[in-house]
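Student: Each residue of the sequence shown is one higher than the last, beginning at 579 in full-length UniProt numbering.
Even for Gly, the Cβ is constructed at its ideal location relative to N, Cα and C.
Every value quoted in this text rests on a predicted model; they were computed, and no experiment measured them.
I have a structure here, written as structure tokens, and I will follow up with some questions on it.
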Amino acid sequence: EVKRSGRNGWQFFTRTMQVVSEKRHSLSNKLATAIQNNEFSVYYQPIVDLTESRIKKCEALVRWMHEGKQIPTDEFIGLAEETGRINEIDRFVLERSSKFLTQLSHQYKHPIGLSINVSPRVFSTKDNSLELWLDLVTKAARHLDITVEMTERLLIDESDRIMWVLTKLKALGVTIAIDDFGTGYSSLSYLTKFPIDIIKVDQSFVKRLGEDRIPEALTETMITLSHKLSLEVVAEGVETAQQLAMLKGWHCDYGQGYYFDKPLAENEFSQRIRKQVSALQI
Ligand code: C2E
Ligand code: MG
Ligand code: MG
Ligand code: MG
579 EVKRSGRNGW QFFTRTMQVV SEKRHSLSNK LATAIQNNEF SVYYQPIVDL
629 TESRIKKCEA LVRWMHEGKQ IPTDEFIGLA EETGRINEID RFVLERSSKF
679 LTQLSHQYKH PIGLSINVSP RVFSTKDNSL ELWLDLVTKA ARHLDITVEM
729 TERLLIDESD RIMWVLTKLK ALGVTIAIDD FGTGYSSLSY LTKFPIDIIK
779 VDQSFVKRLG EDRIPEALTE TMITLSHKLS LEVVAEGVET AQQLAMLKGW
829 HCDYGQGYYF DKPLAENEFS QRIRKQVSAL QI
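Encoded structure:
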């Protein structure tokens with residue numbers, strides 16, 4: 579009895595593993611041709627200055643439309659990181675978004691900053707990915723206020739190379755942000771060791787504001803700590819007026835989340851900025 583159910587359990591396990599691995603394999607093949615087939619696009623999520631209630635920047639987020647279906651970002655970013663394909667995607671997003679925002683800022687004579695995600699892969703790949711990426715950032719930074727978002731994990735892994743890159747980025751006038759702050763290996767010492775400007779409090783904390791004392795205490799503490807270190811704070815995943823009120827009470831600098839806007843397609847984002855510009859002119 580026991581043996582049989584044990585063996586069935588094992589068979590079920592390998593079958594599931596096989597399905598998962600086949601799915602990943604086919605997704606990986608599709609990923610390989612997605613760029614040439616024009617399947618990627620970029621969406622823009624407003625980042626709002628909480629003192630002025632105004633959009634100051636936006637985060638560029640990649641979207642993958644494959645055969646009429648949107649593939650969830652979390653399903654392919656990890657895979658693209660494993661295969662190294664992510665570097666190409668990051669370059670596509672950077673090129674596309676900086677072109678779009680440069681044009682938009684000109685059109686409305688209203689500069690909007692651009693915040694981009696970069697995969698840790700670009701710093702460890704042995705090919706010329708880092709060079710290509712830095713070239714694109716250099717070009718973009720000539721016309722735009724650029725922020726580069728990276729995760730804490732990076733700052734622990736490869737500090738010499740990272741320090742060199744961060745120093746170079748700072749010299750270009752680029753702002754450095756730590757994404758998903760509070761979820762990683764936060765040893766905190768890196769906050770003073772590296773030239774960091776902004777922390778983005780992870781949405782897992784923000785989501786529970788007004789519901790639980792612990793994320794509230796942690797969020798308030800992250801904001802206070804950041805300000806003491808002269809860093810600015812973006813709260814990610816703001817969804818309710820109550821969360822916003824708490825964040826404002828703690829003097830959080832920026833907010834991003836569905837309460838303000840979802841990530842928007844180019845034309846939608848453009849309309850959004852147009853609205854803001856005309857409201858300012860009244
Ligand atoms: P992230 O950089 O932390 O981006 C924020 C994510 O939170 C986005 O998910 C955004 O759509 C979502 N979000 C924003 N506001 C809210 C809210 O109020 N509620 C909830 N529930 N979610 C909200 P998305 O676009 O699915 O991206 C997921 C992750 O994929 C990103 O997390 C980032 O780590 C990665 N990613 C996205 N685009 C790129 C890219 O171009 N390059 C790289 N390397 N990674 C990217
Ligand atoms: Mg991000
Ligand atoms: Mg984040
Ligand atoms: Mg995230």
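Could I get the ranges of all uninterrupted beta strand (DSSP E) runs contained in the segment 694–737, with 3 residues as the minimum, in chain order?
Tutor: 724–729, all fully within the segment 694–737.
Student: Compare the Cα-Cα distances from I649 to each of R602, D775, D839, I851 and report the closest residue.
Tutor: Ranking R602, D775, D839, I851 by Cα distance to I649 puts R602 first.
Student: Is any heavy atom of ligand 3 found at a distance shorter than 7 Å from the C-beta of K778?
Tutor: The answer is yes for K778.
Student: From L710, V715, E727, R674, pick the residue whose C-alpha is nearest to that of S693; which is it?
Tutor: Ranking L710, V715, E727, R674 by Cα distance to S693 puts E727 first.
Student: Taking P841 and Y621 to be in contact with their CB atoms under 8 Å, please state how far apart those CB atoms are, rounded to whole angstroms.
Tutor: Right, the Cβ-Cβ distance comes to about 4 Å (below 8 Å), so this counts as a contact.
Student: Under the rule that 16 or more other beta-carbon atoms within 10 Å means buried, what is A843, buried or exposed?
Tutor: Exposed.
Student: Closer than 7 Å: is that where the CB of P841 sits relative to any heavy atom of ligand 1?
Tutor: Checking the Cβ of P841 against ligand 1 gives yes.
Student: Extract the residue ranges of the alpha helix (DSSP H) inside the segment 748–819, only unbroken runs of 4 or more that lie entirely within it.
Tutor: Correct list: 768–771, 781–784, 791–806.
Student: Please confirm if the segment 658–667 is in contact with the segment 716–727, defined as three or more CB-CB distances below 8 Å between the two stretches.
Tutor: They do not touch, by the three-pair rule.
Student: Cutting at 8 Å between CB atoms, please list the residues of its own chain near E579, excluding the five before and the five after it.
Tutor: Summary for E579: the model assigns pLDDT 39, below 50, so the residue's position carries little reliability; its value from the coordinates is reported in the next sentence. Hits under 8 Å: none found.
Student: Applying the 10 Å Cβ sphere with the 16-neighbour rule, what's the burial state of K581?
Tutor: With a pLDDT of 42 at K581, under the threshold of 50, the predicted position of this residue should be treated as unreliable, and no value is reported.
Student: I need the boundaries of the alpha helix (DSSP H) containing R850, first residue and last residue.
Tutor: Per DSSP, R850 belongs to the alpha helix (DSSP H) from 844–859.
Student: Should D757 be counted as a contact of ligand 3 given a C-beta to heavy atom distance under 7 Å?
Tutor: Result yes, Cβ under 7 Å from ligand 3.
Student: Do you know how far the Cα of S675 is from the Cα of W642?
Tutor: Roughly 15 Å separates the two Cα atoms.
Student: Restricting to Cα atoms, I'd like to know which of Q859, N845, I860, E810 is closest to V626.
Tutor: When only C-alpha atoms are compared, the closest one is E810.
Student: Pull up the distance between the alpha-carbon of G815 and that of T761, whole angstroms please.
Tutor: Cα-Cα distance, rounded: 14 Å.
Student: With C-beta atoms as the reference, is M800 less than 8 Å away from F759?
Tutor: In this structure, F759 lies closer than 8 Å to M800 by Cβ.
Student: If you draw a straight line from the C-alpha of P698 to the C-alpha of I860, how long is it?
Tutor: Going by the C-alpha atoms only, they are around 44 Å apart.
Student: So Q623 is in the beta strand (DSSP E); what residue range does that whole segment cover?
Tutor: Looking at the DSSP string, the run of the beta strand (DSSP E) that includes Q623 is 618–627.
Student: What span of residues does the beta strand (DSSP E) with K647 cover, start to end?
Tutor: Its beta strand (DSSP E) spans residues 647–649.
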